Amino acid sequence: MFTLEDLRIGEWYDGIVKLKYNYGLFVIVKGIDGLLHKNFIKVPSGISWKDVYNIGDKIRVKAMEFKEVNGEKRIVW
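Letter 62 of the sequence shown, counting from 1, is numbered 61 in our numbering, and no numbers are missing.
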């Protein structure tokens, strides 16, 4: 079973868009979800990231850092 501790900062992972918000995407990788902030979503110039990604889409993400949210350790892509 893959756990949060199996993630390595700086490594790339294949994920699926779980949710879309104004500030970014929640992406799930091997059962672990984390936030990909809109500033780190790469899309062609002149195109909104909101128009490119939808729930269920595949996306490649890089593990950037671990954060504590409401007392729980989470990953930020």
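All C-beta atoms in this analysis are idealised placements derived from N, C-alpha and C, irrespective of residue type, glycine included. Remember, it's a predicted structure, so these values are computed and weren't measured experimentally.
Extent of the continuous beta strand (DSSP E) to which residue i belongs
i: Lys37; result: Taken as a continuous stretch (DSSP letters only), Lys37 belongs to no beta strand (DSSP E), as it is neither H nor E.
i: Ile27; result: Gly23 to Val28
i: Arg59; result: Lys57 to Lys61
i: Ile15; result: Trp11 to Tyr20
N- and C-terminal bounds of the alpha helix (DSSP H) containing residue i
i: Lys49; result: Trp48 to Val51
Top-ranked residue by Cα proximity to residue i, from the options
i: Tyr52; options: Leu35, Lys72, Ile74 and Ala62; result: Leu35
i: Lys57; options: Lys37, Arg7 and Asp13; result: Asp13
Supposed contact pair residue j and residue i - C-beta distance, whole angstroms, cut 8 angstroms
i: Ile31; j: Phe1; result: 7 angstroms
i: Val16; j: Ile74; result: About 15 angstroms separates the two Cβ atoms, so there is no contact after all.
i: Gly33; j: Val26; result: 6 angstroms
i: Lys49; j: Lys19; result: 7 angstroms
Assigned exposure category for residue i - 16 Cβ within 10 Å defines buried
i: Trp11; result: exposed
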